[in-house]
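Peer 1:
There are 2 protein chains.
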Amino acid sequence: MPFEITYEIDSESSGQLIDAIRTEQTIEFPLRLAPQWIQDEVVGKVLRVDDISEKRKSVTISYDERVVGEELPQLLNLLWGNISLFPKVLITAIKLPDSFLTSLKGPRFGVAGLRRKLGVKDRPFVMTALKPMGLSPSELATMASTLVEGGIDIIKDDHNFANQPWALWRERVEIISSAIATANRTFNRSAIYAPSLNRPTEELFESARFAKDYGAGGLLVLPGICGLDTMRAIADDDSIGLPILSHPALLGSLVMNPTHGVSHHLTFATLLRLAGADFTIFPHHGGRFSFSKEECGAVVHHCSSSLGAISSISPALAGGMTVARVPEIVQEFGQDITLLIGGALHDGDLLNNTKTFVESVKSSSAN
Amino acid sequence: MPFEITYEIDSESSGQLIDAIRTEQTIEFPLRLAPQWIQDEVVGKVLRVDDISEKRKSVTISYDERVVGEELPQLLNLLWGNISLFPKVLITAIKLPDSFLTSLKGPRFGVAGLRRKLGVKDRPFVMTALKPMGLSPSELATMASTLVEGGIDIIKDDHNFANQPWALWRERVEIISSAIATANRTFNRSAIYAPSLNRPTEELFESARFAKDYGAGGLLVLPGICGLDTMRAIADDDSIGLPILSHPALLGSLVMNPTHGVSHHLTFATLLRLAGADFTIFPHHGGRFSFSKEECGAVVHHCSSSLGAISSISPALAGGMTVARVPEIVQEFGQDITLLIGGALHDGDLLNNTKTFVESVKSSSAN
């Protein structure tokens, strides 16, 4: 069974471009100079060409499964490697062979596993972020305790917390993890802390284990920076074994051009599920960012669409959300989503705002 | 000394967008709710705003050096993390503090080190790729021997060679390394082989050491897939210690939208130098890809522009080059470049074409 990739391209250049794509993504070699069997078996084959509009066509090309084998980096290469350098090519759909899908473990938890781990039934997950940069570990720890008291399920670092002098990575993780553990006991809660794994390559895995050893219950991973396959390796590592929150930093490059890139649902759902994310954080429409309602809907849909035996994951709608929008979002997308509100909780009393947020999620889900 | 980043943005949204950028890239928090000292010290400060045209403005924002510290992943985050999700923002320049620059080792070889290692004086480096995918290790090894005989300095894998059944990674590296060593002795040459480090995360460093142990003289690294900081870590690893060829796979996403992304010279020169590349392979104008003459010129320029004590690197002009273009390219860019011709050498007799290519580089440089 082959890999099938669907491209949207300009109609005027389509004939030449289709040959360029199927060749560039495989043999990168003048077609006529390749041995006949390589032309027949290794180069991509055009399955379908359809008109989308006067200006754009949809083209589906199939690639022999041997072109990728079972490795995620080479899937990324086949999908978008050299043709990321072609103008006006947009990837709109992929179909993966069973041999590839079964070679990946996918999310360690997925929605069902997260529900068991976090003890959250019949409602969306409630997430927030520790911020702003500049606070000390003990200030962030105090904030975290308040967020636990208020009923948050997942408390993550702001993604750009690295090893800044205001809150060094190890010290911060140790102090906040400890504060959340204490608050969980005090308030009879089971909130988890997910520090940002915004670390140099040499320290990524060691830092993940450090976080686990000190009681962190999840990890915020930045696949646009560390690489999708690195996220996959962190998720797969049994010595880590924590839920993975994927952050969208840098991934905007793939989706912000309407005629060039990889569609929102592939970038923020399908690829992240293949790479082991349990949560996919992305900016919901109507906040500080510019995704459309349709783009966000497609991401949410593909978090639980059929993908071999790969688990469903929880879309974490973020990027300037407010408590006022909770009912609308829950009504639209149901209970397997995550509501992530950050800064807005700090406008006024944090504890009260947090309680209102959590209550709103609970009451919206009960409807 | 701060980090300075220059953005090109739309004039009509500029006031609001400037505040959004300097806040989003630091505290991700409502400005008015942050403690005053954090507003003053952590949030970015606007240094300059200039009109570029009626529609676009250039804005330079400075960021306290503590926001990044000494870590490349957090530089990427500051540079392009969340604002990759903002429409119509283009990064056009960066200025880095000495504290950051001195914390990075940069390229292990650089142009001067490559000249010593490869024994190439007073002319550009000559590079080619083993292709097409589908050939067996012994077929590729035979091709590699011919390329050594023809006088190529650096013979790399096609970047999408992974662990395909036609040529498994370890077997291929072992057989080709051995063939090139033999050909070097036979033809009194010192060509190096750079296998593609298109490997799963768990095997990246081990594969690099395997390649070195079996005699590979360089490594082709795909930073758009494995992550820039992973390339940096491979370059920094003394147990590897090989020249790094950076391949542009996936990096097109950063540069292919003229109003959104990170300028060509930053993506393909500055950032790669920070991340330890010795060669930066990119598609030269007039080939199969669409970079402009000016964009290519800027990349070449910034491969040797001042960047603290970070070495100059060799721009490898590629992507459908032909022997006929060698004189023009050498005349324009001088001797520290690398000419990379792949498929075109195979149109006719490979040995003769290779000799013609090498001779053309030598005679163009002698002029």
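First to last, the sequence lines map onto chains A and B. Just so you know, our numbering puts 309 at position 309 of the first sequence, and the rest follows in order with no gaps. Just so you know, our numbering puts 1191 at position 191 of the second sequence, and the rest follows in order with no gaps. Ideal placement from N, C-alpha and C gives every residue a C-beta, glycine not left out.
1. Taking just the CA atoms, how far does residue 1083 of chain B sit from residue 1021 of chain B?
2. Which same chain residues end up closer than 8 angstroms to residue 57 of chain A when comparing Cβ atoms and leaving out the 5 residues on each side of it in sequence?
3. Taking Cβ-Cβ distances shorter than 8 angstroms, what residues in chain A pair up with residue 1199 of chain B?
4. Rounded to the nearest angstrom, how far is the Cβ of residue 169 of chain A from that of residue 207 of chain A, given a contact under 8 angstroms?
5. Can you list, in chain order, the residues of its chain with a C-beta nearer than 7 angstroms to that of residue 117 of chain A? Leave out the 5 residues immediately preceding and following it.
6. Can you name the start and end residues of the alpha helix (DSSP H) that residue 1363 of chain B belongs to?
7. What does the Cβ neighbour count give for residue 318 of chain A, buried or exposed, with the cut at 16 atoms within 10 Å?
8. Using a Cβ cut-off of 7 angstroms, pull out every chain A residue sitting near residue 1131 of chain B, in sequence order please.
9. Classify residue 295 of chain A: buried if its beta carbon has 16 or more other beta carbons within 10 angstroms, exposed otherwise.
10. Please go through the stretch 268-350 of chain A and give each complete alpha helix (DSSP H) segment of 4 or more residues, from N-terminal end onward.
11. According to DSSP, simplified to helix, strand and coil, what is residue 206 of chain A?
12. Residue 1100 of chain B and residue 1148 of chain B look like a contact to me (Cβ under 8 angstroms); what is the Cβ gap, rounded to whole Å?
13. Once DSSP output is grouped into helix, strand and coil, what is the label at residue 1220 of chain B?
14. Closer than 8 angstroms, Cβ to Cβ, to anything on chain A: give me those residues from the stretch 1154-1168 of chain B, in chain order.
15. Between the stretch 270-302 of chain A and chain B, which residues of the former have a C-beta closer than 9 angstroms to a C-beta of the latter?
16. Hey, how far is the Cα of residue 200 of chain A from the Cα of residue 366 of chain A?
17. Out of A:129, A:273, A:346, A:228, which has the shortest C-alpha to C-alpha gap to residue 1368 of chain B?
18. Would you please state the rounded distance, in angstroms, between the beta carbons of residue 1323 of chain B and residue 1124 of chain B? I believe it to be under 8 angstroms.
19. Whole-angstrom Cβ separation of residue 1159 of chain B and residue 1198 of chain B, contact assumed at under 8 angstroms?
20. Chain A partners of residue 1253 of chain B, CB-CB under 7 angstroms?
21. I'd like to know if the stretch 1253-1268 of chain B and the stretch 1083-1095 of chain B are in contact, where contact means that at least 3 CB-CB pairs between them fall below 8 angstroms.
22. In terms of residues, what are the limits of the alpha helix (DSSP H) holding residue 46 of chain A?
23. Give a yes or no on whether the C-beta atoms belonging to residue 1247 of chain B and residue 1228 of chain B are separated by under 8 angstroms.
24. What do you reckon, are the CB atoms on residue 336 of chain A and residue 304 of chain A nearer than 8 angstroms?
25. Return helix, strand or coil for residue 1057 of chain B, following the three-state DSSP convention.
26. Answer yes or no: does any C-beta atom of chain A fall closer than 8 angstroms to that of residue 1066 of chain B?
27. At a Cβ threshold of 8 angstroms, is residue 194 of chain A touching chain B?
28. Provide the residue(s) that pair with residue 257 of chain A in DSSP beta bridges, ordered along the chain.
29. So, does the CB of residue 1042 of chain B fall closer than 8 angstroms to a CB anywhere in chain A?
30. Going by the CB atoms, is the gap between residue 300 of chain A and residue 264 of chain A shorter than 8 angstroms?
31. Jot down the residue ranges of each uninterrupted beta strand (DSSP E) in the stretch 171-199 of chain A, minimum 3 residues, whole runs only, in chain order.
32. Output, in sequence order along the chain, the residues in the stretch 318-348 of chain A whose CB is closer than 9 angstroms to any CB in chain B.
33. If we count the other Cβ atoms within 10 Å of its Cβ and call it buried at 16 or more, is residue 1037 of chain B buried or exposed?
34. Compare the Cα-Cα distances from residue 130 of chain A to each of A:359, A:363, A:354 and report the closest residue.
35. What's the gap between the Cα of residue 1269 of chain B and the Cα of residue 1315 of chain B?
36. Alpha helix (DSSP H) containing residue 19 of chain A: first to last residue?
Peer 2: The relevant details are as follows:
1. Roughly 7 angstroms between the two C-alpha positions.
2. If we look at residue 57 of chain A and ignore the five residues flanking it on each side, its Cβ neighbours are 8, 9, 10, 11, 14, 49, 50, 51.
3. Simply 71, 73.
4. 7 angstroms between Cβ atoms; contact.
5. Cβ neighbours of residue 117 of chain A beyond the five flanking positions: 109, 243.
6. 1350-1366 is the span of the alpha helix (DSSP H), which, as asked, contains residue 1363 of chain B.
7. Its Cβ being crowded by 16 or more others within 10 Å, residue 318 of chain A is buried.
8. Here the neighbours are 27, 28, 29.
9. Per the 10 Å Cβ criterion, buried.
10. Counting only runs of 4+ residues, the alpha helix (DSSP H) found wholly inside the stretch 268-350 of chain A occupies 271-274, 293-302, 326-333, in chain order.
11. Helix, per DSSP.
12. About 41 angstroms separates the two Cβ atoms, so there is no contact after all.
13. In the structure shown, residue 1220 of chain B falls within a strand segment according to DSSP collapsed to helix, strand and coil.
14. Under the 8 angstroms Cβ criterion, the stretch 1154-1168 of chain B contributes 1158, 1159, 1160, 1162, 1163, 1164, 1165, 1166.
15. Against chain B - using a Cβ distance shorter than 9 angstroms - the residues of the stretch 270-302 of chain A are 282, 283, 288, 289, 290, 291.
16. Spanning the two alpha carbons is a distance of roughly 43 angstroms.
17. Nothing can be reported for residue 1368 of chain B: it is not among the residues displayed for chain B, which extend from 1001 to 1367.
18. About 13 angstroms separates the CB atoms of residue 1323 of chain B and residue 1124 of chain B; that is not less than 8 angstroms, and the two are not in contact.
19. Residue 1159 of chain B to residue 1198 of chain B, Cβ: 6 angstroms. Contact.
20. Result: 84, 253, 254, 261.
21. By the C-beta criterion, the stretch 1253-1268 of chain B is judged to be in contact with the stretch 1083-1095 of chain B, since at least 3 inter-stretch pairs fall below 8 angstroms.
22. It is not in any alpha helix (DSSP H) - residue 46 of chain A instead sits in the beta strand (DSSP E) that spans 45-51.
23. Not closer than 8 angstroms, so no.
24. Yes.
25. Strand, per DSSP.
26. Closer than 8 angstroms: yes.
27. For residue 194 of chain A, the answer is no, since every Cβ of chain B falls outside 8 angstroms of its Cβ.
28. Answer by DSSP bridge pairing, in chain order: A:260.
29. Taking a beta-carbon distance threshold of 8 angstroms, residue 1042 of chain B counts as an interface residue toward chain A.
30. Not in contact: residue 264 of chain A and residue 300 of chain A (Cβ atoms no closer than 8 angstroms).
31. As far as the stretch 171-199 of chain A is concerned, its whole beta strand (DSSP E) runs of at least 3 residues are 192-194.
32. The stretch 318-348 of chain A vs chain B, Cβ under 9 angstroms: 319, 342, 343, 344, 346, 347.
33. So residue 1037 of chain B ends up on the exposed side.
34. The closest CA to that of residue 130 of chain A, considering only A:359, A:363, A:354, is found on A:354.
35. If I take the Cα positions, the gap works out to 8 angstroms.
36. It spans 14-24 - the alpha helix (DSSP H) in which residue 19 of chain A sits, taken as one unbroken run.
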